[in-house]
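Engineer:
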Amino acid sequence: MNQKEFEEKYPPLNLPAFNPKLTWKEEKLWIFDSVRKKDLVLTPEEWVRQHWIYFLIEKQGFPKGLLSTEKGLVYNRLQKRTDVLIRDQNGNPYLLIECKAPKIPINQKTLEQATVYHFQLKSSFLILSNGFSHIFLQYHAAENRFSQEKNIPKPPICG
Numbered sequence: 011m012n013q014k015e016f017e018e019k020y021p022p023l024n025l026p027a028f029n030p031k032l033t034w035k036e037e038k039l040w041i042f043d044s045v046r047k048k049d050l051v052l053t054p055e056e057w058v059r060q061h062w063i064y065f066l067i068e069k070q071g072f073p074k075g076l077l078s079t080e081k082g083l084v085y086n087r088l089q090k091r092t093d094v095l096i097r098d099q100n101g102n103p104y105l106l107i108e109c110k111a112p113k114i115p116i117n118q119k120t121l122e123q124a125t126v127y128h129f130q131l132k133s134s135f136l137i138l139s140n141g142f143s144h145i146f147l148q149y150h151a152a153e154n155r156f157s158q159e160k161n162i163p164k165p166p167i168c169g
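In this note's numbering, the protein residues as written are 11 to 169.
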């Protein structure tokens with residue numbers, strides 16, 4: 011894959027750039043996931059997820075130990091997986107991020123999918139992102155509603 015083909019499939023995103031560890035294995039491109047500490051097949055969605063992981067840990071100061079990726083949950087007897095989940099210092103869901111491939115629009119369908127996950131977990135914040143567009147939502151449990159925010163939430167207080 012040449013540079014042009016790479017950038018068409020994995021374009022520069024509207025997130026801080028970083029130098030991921032990429033390797034070719036089994037005729038596929040793999041990316042190292044610092045949270046799971048293993049190589050994963052690089053897909054456009056994984057490209058977005060790894061940028062978020064880098065941004066949250068390295069640029070926003072979220073503790074790596076509070077992040078989990080691809081954690082399973084059951085909804086209507088179907089197995090689902092969260093993209094990125096950050097818990098607070100008490101282990102409660104704090105921030106849920108639903109990542110989409112850069113070519114997938116952030117729309118009502120994306121929001122509905124993410125809220126299904128949210129209502130299982132009851133996270134305080136929800137982010138929808140395709141790497142270019144990001145929507146930041148805060149959940150107000152007492153009113154059972156979301157409000158759109160302008161900025162990413164701060165890391166949960168630890169200590």
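Yeah, the Cβ is synthetic: ideal placement off N, Cα and C, and Gly gets one too.
1. Does Phe42 come out as helix, strand or coil in the three-state DSSP assignment?
2. At the level of alpha carbons, what is the spacing between Arg59 and His150?
3. What are the complete alpha helix (DSSP H) segments, minimum 4 residues, inside the segment 112-158?
4. Excluding five sequence neighbours on each side, which residues of the same chain lie with their C-beta closer than 8 Å to the C-beta of Thr79?
5. Using a Cβ-Cβ cut-off of 6 Å (strictly less than) and excluding sequence neighbours within five positions of Leu23, which residues of its own chain qualify?
6. Taking just the CA atoms, how far does Tyr127 sit from Gln118?
7. Using only the alpha-carbon positions, how far apart do Ser2 and Glu108 sit?
8. Residues in its own chain within less than 6 Å of Gln148 by CB, not counting five upstream and five downstream?
9. Where does Lys74 land, buried or exposed, given buried means 16+ other C-beta within 10 angstroms?
10. For Leu39 versus Leu25, is the C-beta distance shorter than 8 Å?
11. Locate the beta strand (DSSP E) running through Tyr104, then write down its first and last residues.
12. Does Lys14 come out as helix, strand or coil in the three-state DSSP assignment?
13. Output needed for Gln123: all residues of its chain with C-beta closer than 7 Å, excluding positions within five of it in sequence on either side, in chain order.
14. Quick one: is Pro115 buried, meaning 16 or more other Cβ sit within 10 Å of its Cβ, or exposed?
15. Decide if Glu32 is buried, meaning its Cβ has at least 16 other Cβ atoms within 10 Å, or exposed.
16. To the nearest angstrom, how far is it from the Cα of Asn161 to the Cα of Asn12?
17. In this structure, does DSSP put Leu76 in helix, strand or coil?
Structural biologist: Let me lay it out:
1. strand
2. 25 Å
3. 118-131
4. Asp43, Val45, Arg46, Arg59, Ile63, Thr92, Asp93, Val94, Leu95
5. His61, Gly141
6. 15 Å
7. Here the chain comprises residues numbered 11 to 169, so residue 2 is not present and cannot be evaluated.
8. Phe135, Ser157, Glu159
9. exposed
10. no
11. 103-109
12. helix
13. Glu108
14. exposed
15. With the sequence shown as reference, residue 32 is identified as Leu, and Glu is not the correct amino acid for it. It counts as exposed.
16. 36 Å
17. helix
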